[in-house]
Amino acid sequence: MSKLIYWVHTSVDGHIEGPNGEFDWPAMGPELSAYGDEVHARVGTFLYGRVVWEMMSSYWPHAESISDDPHDLKFAPVWRSTPKIVFSTTLREAGWDARIVSGDLAKEVAELKSGPGEDLLLNSGSRPTGALTCM
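Just add 404 to wherever you are in the sequence shown, counting from 1, and you've got the working numbering.
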């Protein structure tokens, strides 16, 4: 059975984003990058909420032309080659090896977890995460 791993950058005082919704404060240093590499090695599917998906899909497909950070250069091909699921009731197409799920998130994730395969990595805001807390 696969595990569901929740990945989120959280400040020491418990915030995910800045006062105006910005997400410009996390820094991937060597220690966090190494930990991320370990987690990503166990993961077969990335799960996203729509808002995080829009942020990720605007950056990672083109990361090498935007950044020369070693973490970015190493993770970009991993991101592109890993299957992705986007939880959204408004998004109609996603691209980048992603499919959209707009129905019962808990049911979908339970099915994914029960099958063979690697772990699932959830990277989202509170709405999809809240829908999956019963798991």
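Cβ coordinates follow ideal geometry from the N, Cα and C atoms, glycine included.
This structure is a prediction, so every number in the text was calculated from the model and none was measured.
Where the beta strand (DSSP E) containing residue i begins and where it ends
i, result
"D523", "D523 to N527"
"L495", "Where L495 is concerned, there is no enclosing beta strand (DSSP E), given that its DSSP letter is neither H nor E."
"I420", "That residue, I420, is in no beta strand (DSSP E); it is neither H nor E in DSSP."
Three-way DSSP call (helix, strand, coil) for residue i in this model
i, result
"K517", "helix"
"I470", "helix"
"F479", "helix"
"K511", "helix"
Boundaries of the alpha helix (DSSP H) in which residue i is found, first to last residue
i, result
"L436", "P434 to R446"
Residue(s) in a DSSP beta bridge with residue i
i, result
"Y463", "Beta-bridge pairing links Y463 to no other residue."
"V455", "The partner list for V455 (beta bridge, DSSP) is empty, contrary to what the question assumes."
"I504", "V490"
"F450", "K488 and L525"
Residue i: CB within 8 angstroms of a non-hydrogen atom of the ligand COA
i, result
"L525", "Ligands in the displayed structure: none, and consequently the ligand COA is not present."
Proximity test, Cβ basis, 9 angstroms: residue i and chain B
i, result
"P434", "The structure shown has no chain B; it contains just one protein chain."
Next item on the list: Check whether the stretch 498-515 touches the stretch 445-462, counting contact only when three or more Cβ pairs, one atom from each stretch, lie closer than 8 angstroms.
Entry: Judged by Cβ distances under 8 angstroms, the stretch 498-515 makes contact with the stretch 445-462, as three or more pairs qualify.
Margin query: I'd like to know if the stretch 505-519 and the stretch 475-492 are in contact, where contact means that at least 3 CB-CB pairs between them fall below 8 angstroms.
Written below: yes
Check: Do the stretch 417-426 and the stretch 435-453 touch if we need at least three Cβ pairs shorter than 8 angstroms?
Finding: no
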